[in-house]
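Single-structure report; data block below.
Protein chains: 2
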Amino acid sequence: MSLQIDRRDLAFLLYEVLDVATLPERPRFAGQGREVYDAVLDTLEGVAAEHYAPFRKANDQQEPALVDGRVITNPGLQQGWDAVAETGIIAATHDEARGGMQLPHVIASAAIAFLEAANIGSASYPMLTAGAANLIAAFGSEAQRQRWLPRMLAGTWSGTMALTEPDAGSSLADLRTSARPLPDGTYAIEGTKIWISGGDHQLTGNIVHLVLARIAGAPEGTKGISLFIVPRNTVAEDGTVGGSNHVTLAGLIHKMGWRGTTSTLLNFGERGTCVGHLVGEPHKGLAYMFHMMNEARIGVGRAGAAMSYAAFRYAVEYARTRRQGRVPGEKDPTRPPVAIVEHADIRRLLLTAKCAAEGSLALVLECARLVDEQETGATEAARQEAGLLLEVLTPIAKTWPAVYGQEGISSALQVMGGYGYAREYDVEQLYRDNRLNQIHEGTNGIQALDLLGRKVPQAHGAAFALLGTRIAAAAREAAAADPALAPLAQQLGAALERMGAVTTRLLAAMAQEPARGLANATVYLECASRVVYAWLWLRQATVASRALAAGATGREADFYRGKLQAARFYFGQELPRTLADADVLERNDASAFEMQDAWF
Amino acid sequence: MSLQIDRRDLAFLLYEVLDVATLPERPRFAGQGREVYDAVLDTLEGVAAEHYAPFRKANDQQEPALVDGRVITNPGLQQGWDAVAETGIIAATHDEARGGMQLPHVIASAAIAFLEAANIGSASYPMLTAGAANLIAAFGSEAQRQRWLPRMLAGTWSGTMALTEPDAGSSLADLRTSARPLPDGTYAIEGTKIWISGGDHQLTGNIVHLVLARIAGAPEGTKGISLFIVPRNTVAEDGTVGGSNHVTLAGLIHKMGWRGTTSTLLNFGERGTCVGHLVGEPHKGLAYMFHMMNEARIGVGRAGAAMSYAAFRYAVEYARTRRQGRVPGEKDPTRPPVAIVEHADIRRLLLTAKCAAEGSLALVLECARLVDEQETGATEAARQEAGLLLEVLTPIAKTWPAVYGQEGISSALQVMGGYGYAREYDVEQLYRDNRLNQIHEGTNGIQALDLLGRKVPQAHGAAFALLGTRIAAAAREAAAADPALAPLAQQLGAALERMGAVTTRLLAAMAQEPARGLANATVYLECASRVVYAWLWLRQATVASRALAAGATGREADFYRGKLQAARFYFGQELPRTLADADVLERNDASAFEMQDAWF
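Here the protein sequences come in this chain order: B and H.
Counting in numbering that gives the first Met the number 0, the first sequence runs from 0 upward without gaps.
Counting in numbering that gives the first Met the number 0, the second sequence runs from 0 upward without gaps.
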């Protein structure tokens, strides 16, 4: 079990870094406490170990198949779904009055990470269902809540997000699925959606699609999109499941990874009236969907964090037991080979994997903690600040666990050599699975435009400035806590300052010519991500340093020394990459912008 | 066909950059010329398109299976083998007197790249056979050459390299396979080898394994290893194939990619005497094997170059035809979507793929050209210099097309979004296939130790100094040819100078404490690779600039402008990464070196 996510590390992040134990002081979490939280984590870790991990390979090797128009899945998928539904985790953060557990997001998120580390192909189904349910809870009418939510939260039905169309991948403005008003106030939905994860299967009694479509006569572009609840089978007002609602499976897509999760092409209303129920007001669908999408984006980040974490733990285990070669300078071939963790380059690879995995987990838990703060913070100012930080951190949380996490998984694979590359072992699957996270829920390029084009300039740069304030405060605190951390604090301060100067220049360039100013948005996102991870690592180092000063011994001391050394590695080898990023951004290098199609 | 490797680019590298048209002035290539060379390229490009590319997916989806003790492969594998054997390419560089074509290595290498771009799972069989044959040609006795070579060169038999053992992956010093002298001068081989590519199949009448083993009583370590020819079936002196030589297939390993190539666990002599024929002198096997391994390492680089090239061309094709979204600043949603190549971030991804693919091809052809120079250079000095450059470039040619090429393939995949990730398309397979190239024939870490620990210090740094001289000369030539290239030349000069200073410091550190001095060898390899690619891109830019100045027009001008712009992108966005590398190396960052096992 410990191969997936280290419980000691999780406790460190939750209780020593993020101070989660104080949350029960707030009314919403009254009566809860660390015992409750640890029990939830125990339960999900147990389910992950017993019902998820054993089927990771089955999901990969016996992927869902279309047989006589029905999707047939391996037995592990049903077992995993049932076990997770049983835990109530789909409703974890919902009100107790609605059957939820009213848990903090940060605890629910940590618990779900066990599932994602163990088997992402299975974990996606409950996560998509939770996302769809949260959207109905936030924007649906009371009648809609009563009709759809209880069964979704209980895991009787599942849910999906149906946005993308074959001719409009990242470009939601070009959606063509239509919604024609019917006399009873519902709509007839017609169109085709692609890449719909969990879009068809036999795991649940019904599937509730949340579909973006245009009502006849709606404005062009993103301002004419509405959101609909479209069940696979019709549902009477009392919740009884009826016949087909004419959502038909047109095909399964076969991906490099995430093979357990059906990826579908769905036709709506091709063979009969497909009824959709409008959520909220017409033409506001995109804003609603972005509510779920922000959550989904942080969820993608958490999945990447979890997968890279699993790969890291596999590699550490391998490096400790695999004996091979001798250290440089040892000339005697009769001496026994050393465990490969003794080789400096193996430790470099493992530290890369550790910094990516633990840094990514720290980031996504930070974001979940900010969601709690946004919802339950003591003051209006605290809630607003949390919201601002979340805005600016979301594109980073979506992207960097996918990108840096992939480097971590690749490093873990490299530690294991040929074994890492073989399907007889686990890491190559994680390498394939995690690669998707740079694509779905908005590609890296889309996140980069979101960060530099929207989140940084919005509200006169308030979110970006607030993040800078927090980072600077963490640097001061680190230097004050431990003189040995002062050089790291100084290095972070310098990176932050350079980033600020670059931001000013790029905003000016964008004002002159948007396309040119945004041409290096992805490099900007990379640079910002590296600075944010440095912030997260320095905070962890500060906590670790204080614990060591307070007298931690034995394995506890080893744990904290590992955190400190990882921070040193991060600042010694990873943060310097911002030297290259900043060089590109300061020149706002125009080579890609000026390239022409005909020259390729 | 042009989706695989652009013939215009290949002609540019061969005839405009590497001056291959002058090779027929040398006695060995007398009577040849560009027409001959282009005919060879035409032939292999045709075979790749007709018999290789159509089976790339079949190799991936119907991988070799063990049925009743026999390896069953998909029909494409046999068709590909037969078609390639027919071309004579296995014998391309061998003497005409032995049935070869006596072609320059640079031409043979370019021709083979078509096969590797089209289907690496099939291409590996002839390449391994050529490698084994070259080894026998170089170190076997005349009797051995006559007995083994004709059938291997004709493709009647295939060959393998059997080095690795389960308990000694990268550490050849720990090989345990034994060779017991038999009365007739042959040896009885006993042991187990793992990851033997092409180790069993039914494609050819026999398989000739080149096996490393220890003769009883040999010294420990690498100085006690000998090389043997070990056929799957016995071969009489007249070449007649007999019964089993007791090489038994103990299992197939299933990899993430390269699925068409059988990866085998082989037992030698477990069920009866397995006869091996000693090649050359006892205990010199490793030196002989390294002859083949250097060739194999450059071959791995070429495979990586070819795969990243194919991915690049797929992505360009996709980006030109896929229409989606609008450029920043365009507010009118009724305007039609643009081809995605119009988005600056897509061009950035494509330029990354272009720089990696074309830069890697330039490097491996440079190396092949140096092999020709080493063998047929006009003067002893020219031959020696070529040899020195090859020594220092080999670890880079092995590693960087695998690492940077993977970044290129990942960029190509990203351009295609969900389609790039789907197995219904081609790029995800290239992403899986190329990942192996960082592992086999010596991992990145092994190459890094080879570069910094052996190649750079050897002969008082002669090879490294010579490479520096060549790079500096190219920079001067670029600045002289075109004032617009002067800033790039200056940037390369600065990177080279910083690299030289770092090298001096690291060599001093290694003299004091080898393990500490070599702790960042991989970062050194990365830095050196980026500088070498800058050299290759600046030379291409120089040729392109001259061609434009000489009046190239139309599509020719577009081609040269593409080369110039790619060079600008490389110097604008990729070479700056050496700022981070040099920062790490100047401090000889000790964070990984000082990390301890217990802290993970």
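Note that the Cβ used here is the ideal one computed from N, Cα and C, for glycine as well.
Just to confirm my understanding: we take residue i, look at its own chain, exclude 5 residues before and 5 after, and list those with CB closer than 6 Å. What are they?
{"i": "I71 (chain B)", "result": "A64"}
{"i": "V299 (chain H)", "result": "K397, N436, E440"}
What three-state label does DSSP hand residue i in the structure shown?
{"i": "N436 (chain B)", "result": "helix"}
{"i": "R334 (chain B)", "result": "coil"}
{"i": "G242 (chain H)", "result": "strand"}
{"i": "G186 (chain B)", "result": "Checking the sequence, you will find Tyr at residue 186 (chain B) rather than Gly. Three-state result, Y186 (chain B): strand."}
{"i": "V274 (chain H)", "result": "strand"}
{"i": "T221 (chain H)", "result": "helix"}
{"i": "H342 (chain B)", "result": "coil"}
{"i": "L174 (chain B)", "result": "coil"}
{"i": "M126 (chain H)", "result": "helix"}
{"i": "R325 (chain H)", "result": "coil"}
{"i": "H208 (chain H)", "result": "strand"}
{"i": "F568 (chain B)", "result": "helix"}
{"i": "T233 (chain B)", "result": "strand"}
{"i": "A29 (chain H)", "result": "coil"}
{"i": "W257 (chain B)", "result": "coil"}
{"i": "T541 (chain H)", "result": "helix"}
So with Cβ pairs under 8 Å, would you call residue i a contact of chain H?
{"i": "Y420 (chain B)", "result": "yes"}
{"i": "T333 (chain B)", "result": "yes"}
{"i": "I206 (chain B)", "result": "no"}
{"i": "W194 (chain B)", "result": "yes"}
{"i": "N266 (chain B)", "result": "no"}
{"i": "T521 (chain B)", "result": "yes"}
{"i": "E427 (chain B)", "result": "yes"}
{"i": "I395 (chain B)", "result": "no"}
{"i": "S1 (chain B)", "result": "Because S1 (chain B) carries a pLDDT of 49, less than 50, the predicted location of this residue cannot be relied on, and no value is offered for it."}
{"i": "E593 (chain B)", "result": "yes"}
{"i": "Q572 (chain B)", "result": "yes"}
{"i": "L350 (chain B)", "result": "yes"}
{"i": "A172 (chain B)", "result": "yes"}
{"i": "A401 (chain B)", "result": "no"}
Drop a sphere of 10 angstroms on the beta-carbon of residue i, count the other beta-carbons inside from all chains shown, and report buried for 16 or more, exposed for fewer.
{"i": "V66 (chain H)", "result": "exposed"}
{"i": "F289 (chain H)", "result": "exposed"}
Cβ of residue i less than 8 Å from any chain B Cβ?
{"i": "R560 (chain H)", "result": "yes"}
{"i": "V340 (chain H)", "result": "yes"}
{"i": "H253 (chain H)", "result": "yes"}
{"i": "P327 (chain H)", "result": "yes"}
{"i": "W598 (chain H)", "result": "yes"}
{"i": "N443 (chain H)", "result": "yes"}
{"i": "K353 (chain H)", "result": "yes"}
{"i": "G343 (chain H)", "result": "Looking at the sequence itself, residue 343 (chain H) is Ala, so the reference to Gly does not match. At least one chain B Cβ lies under 8 Å of A343 (chain H)."}
{"i": "V315 (chain H)", "result": "yes"}
Is the beta carbon of residue i less than 8 Å from the beta carbon of residue j?
{"i": "V16 (chain B)", "j": "V542 (chain B)", "result": "yes"}
{"i": "N244 (chain H)", "j": "T261 (chain H)", "result": "no"}
{"i": "L211 (chain H)", "j": "L174 (chain H)", "result": "yes"}
{"i": "V207 (chain H)", "j": "G158 (chain H)", "result": "yes"}
{"i": "T263 (chain H)", "j": "L248 (chain H)", "result": "yes"}
{"i": "G275 (chain B)", "j": "R150 (chain B)", "result": "no"}
{"i": "L76 (chain H)", "j": "G198 (chain H)", "result": "no"}
{"i": "L350 (chain B)", "j": "F568 (chain B)", "result": "yes"}
{"i": "L171 (chain H)", "j": "T221 (chain H)", "result": "yes"}
Quick one: what's got a C-beta closer than 8 Å to residue i's C-beta in the same chain, skipping five residues either side?
{"i": "A217 (chain B)", "result": "G223, I224, S225, P281, H282"}
What does a CB cutoff of less than 7 Å around residue i pick up in its chain, not counting 5 residues either side in sequence?
{"i": "T502 (chain B)", "result": "V455, F463"}
{"i": "L429 (chain B)", "result": "M306, A309, A310, I408"}
{"i": "M100 (chain B)", "result": "G87, A90, A91"}
Can you find a heavy atom of the ligand SAM that lies under 7 Å from the Cβ of residue i?
{"i": "R55 (chain B)", "result": "With respect to small molecules bound, the structure shown includes none, and the ligand SAM cannot be examined in it."}
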